[in-house]
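A.B. asks: Before I ask anything, let me first share the structure, which is written out below as C-alpha cells.
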Amino acid sequence: MKVLLIVIDGMRPDSLKGISRAERFISESAGSLAARTVCPPVTLPAHVSLFYGVNPDLHGVNTNEFTPMPVQLDGLFDVLFYADKHCAFMNSWDEFRDLYHPGNIKHHYLTQDYDYDKYYLLDRMVKDETLRYLATRSPDFVFTYFGWTDIVGHTRGWMSSEFIEAVKSTWNLAGEIIDTLDDEWTVIVTADHGGHGRDHHMDIPEDMNIPLFFRGKDFRPGMEIEGLSILDIAPTVAKLLGAVIPEEWEGIVRV
Ligand SMILES: [Zn+2]
C-alpha cells in the first residue's frame, strides 16, 4: 500500500459542485463533504494538526507563524520514518518546514514566489515535481500541497467565480497526478479550512467544514463517513502503511 495526500488550500466543500473531476473522485471515494478542520481554521495550525494528530490547544501553533511546540510529539512523518517508509513532501510555502523533523523524510521540494499573482505557476511546479518523483522514485507516502485557491479566496472572495475557477483548475492538476496511479495507491484529497468573504479564522461552518475523501481498495466508493475530522488523516495513513499510532493522537482510524 502507498498513499498520496493532496491538500487544496481553502477548498470549501460547496465549491466542488459542478466540477466534474472532483465529483468523479468523490463518487469513487469514501468520505464526507461535511468533515471538520480544527479551530482556529487557519493554514499552519490546521496543517500542524493534520500532521501531528492533535488539536491546536495541544500543539500550541495558533497562527501562521510557527512557534516551537510546547510538547514533544511524534508526527505522521516520524512514525512513517520509524516504519522505514519513504516519504516525500511537495509544497510552495516555507512555513511548512516544521511539519516534519529533519532527517525523517527522503525528499522535500519547496518552490516559492512572493508575487502572489504568480502563485498558480507554483502549483504547476509542485504538480510537475510530484509527477517526476512518482515516475523516478518509489515513495510510500507523498504529500502534495496546492495553494493558489487560498490566494484567490483572500483576494477575490470565497465562492466568487474566480475562486470556483481556481478550485477547478487545481483539480485538473490533482487529476493529472491521480491518473498516473495504480490501485496500489490510496489517494486522500482534503482542505485545511474553508472561508467566507475574504478570510477564514472563525468557528463557523463556512470556515470549519472541509471535504475529506479517501479513494483506494480499502474504502467503499460512495460511503459517507460520519463525524470525519482532519485529525483522522494521520492515524488512518499510519494504519494503511503499517506504522505505530502514537497514543496522543486524537483522531480516529477510518480504515
Ligand atoms: Zn490555508
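Residues in the sequence shown are numbered consecutively from 12, following the working numbering. No residue lacks a Cβ here, since even glycine has one placed at the ideal position from N, Cα and C.
So, are the CB atoms of Trp-159 and Tyr-130 less than 8 Å apart?
C.D. replies: Position 148 of the sequence shown, counted from the first residue, corresponds to residue 159. Position 119 of the sequence shown, counted from the first residue, corresponds to residue 130. Going by C-beta atoms, Trp-159 is nearer than 8 Å to Tyr-130.
A.B. asks: When you compare only the Cα positions, how much space is there between Val-59 and Trp-104?
C.D. replies: Here the question's residue 59 lines up with position 48 in the sequence shown. Here the question's residue 104 lines up with position 93 in the sequence shown. Computed Cα separation, rounded: 14 Å.
A.B. asks: If you count every other CB in all the chains shown that lies within 10 Å of the CB of Lys-228, and 16 or more means buried, which is it?
C.D. replies: Position 217 of the sequence shown, counted from the first residue, corresponds to residue 228. Exposed, since its Cβ has fewer than 16 Cβ neighbours within 10 Å.
A.B. asks: Taking Cβ positions, are Ala-45 and Asn-183 nearer each other than 8 Å?
C.D. replies: On the sequence shown, residue 45 is found 34 positions in, with the first residue counted as 1. On the sequence shown, residue 183 is found 172 positions in, with the first residue counted as 1. It is not a contact, given that the beta carbons lie outside the stated cut-off.
A.B. asks: Taking a contact to mean a Cβ-Cβ separation below 8 Å, would you say Ala-146 touches Ile-17 in this structure?
C.D. replies: Here residue 146 refers to the residue found at position 135 when the sequence shown is read from its first residue. Here residue 17 refers to the residue found at position 6 when the sequence shown is read from its first residue. Going by C-beta atoms, Ala-146 is not nearer than 8 Å to Ile-17.
A.B. asks: When you compare each of Glu-259, Arg-265 and Ala-254 to His-97 by their alpha carbons, which one comes out closest?
C.D. replies: For the purposes of this step, residue 97 is identified with residue 86 of the sequence shown, where counting begins at 1. The option with the nearest alpha carbon to His-97 is Ala-254.
A.B. asks: Consult DSSP for Ala-245 and reduce its assignment to one of helix, strand or coil.
C.D. replies: Taking the first residue of the sequence shown as position 1, residue 245 is located at position 234. Here Ala-245 sits in helix by DSSP.
A.B. asks: Examine the Cβ distances between the region 134-145 and the region 70-83 and report whether three or more of them are shorter than 8 Å.
C.D. replies: no
A.B. asks: Out of Asn-115, Ala-33 and Val-90, which has the shortest C-alpha to C-alpha gap to Leu-252?
C.D. replies: Residue numbering aside, residue 252 sits at position 241 when the sequence shown is read from its first letter. Comparing Cα positions, the closest option is Val-90.
A.B. asks: Quick one: which unbroken beta strand (DSSP E) runs of 3-plus residues sit fully inside the region 70-121? Chain order, please.
C.D. replies: 98-102 and 118-121
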